[in-house]
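Step one of this worksheet: look at the structure below.
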């Protein structure tokens with residue numbers, strides 16, 4: 011892993027088998043658009059900067075009905091009250 015970090019520009023060296031960063035290195039700051047190299051560094055260091063979530067607000071039932079299963083705070087064209095619609 012140390013050669014990968016060094017190739018990405020980090021000032022690293024191996025000391026007794028331990029990867030050592032021998033000077034400060036800023037990978038990114040808040041609001042930056044990340045480059046592919048910055049993303050690789052963060053991935054190698056196991057640092058996550060975002061959380062991905064999916065909230066189910068509607069579904070198709072086995073009977074081929076569309077039903078709303080949860081309310082959402084975002085503006086959506088899906089009705090907010092639970093209803094069922096028959097599809098053709």
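Residue numbers (this note's numbering): 11 to 98.
Backbone N, C-alpha and C fix where the C-beta goes; we use that ideal spot for every residue, glycine too.
Buried/exposed call for residue i, threshold 16 Cβ in 10 Å
i          : result
residue 78 : buried
residue 65 : exposed
residue 29 : exposed
residue 98 : With a pLDDT of 48 at residue 98, under the threshold of 50, the modelled position of that residue is not reliable, and the figure given next carries that caveat. Exposed, since its Cβ has fewer than 16 Cβ neighbours within 10 Å.
For residue i, the nearest candidate out of the options (CA to CA)
i          : options        : result
residue 48 : 18, 13, 80     : 18
residue 38 : 20, 32, 25     : 20
residue 80 : 22, 62, 45, 67 : 67
Distance, residue j Cα to residue i Cα
i          : j          : result
residue 60 : residue 50 : 15 Å
residue 52 : residue 75 : 44 Å
residue 41 : residue 72 : 44 Å
residue 16 : residue 55 : 13 Å
residue 70 : residue 27 : 55 Å
Cβ-Cβ separation, residue j to residue i (assumed contact under 8 Å), whole Å
i          : j          : result
residue 24 : residue 12 : 5 Å
Endpoints, the alpha helix (DSSP H) within which residue i is located
i          : result
residue 12 : 12 to 17
residue 31 : From DSSP, residue 31 is part of no alpha helix (DSSP H) but of the beta strand (DSSP E) over 28 to 31.
residue 47 : 46 to 54
Extent of the continuous beta strand (DSSP E) run through residue i
i           : result
residue 20  : Run containing residue 20: none; DSSP gives neither H nor E here.
residue 101 : Nothing about residue 101 can be read from this structure; the chain reaches only from 11 to 98.
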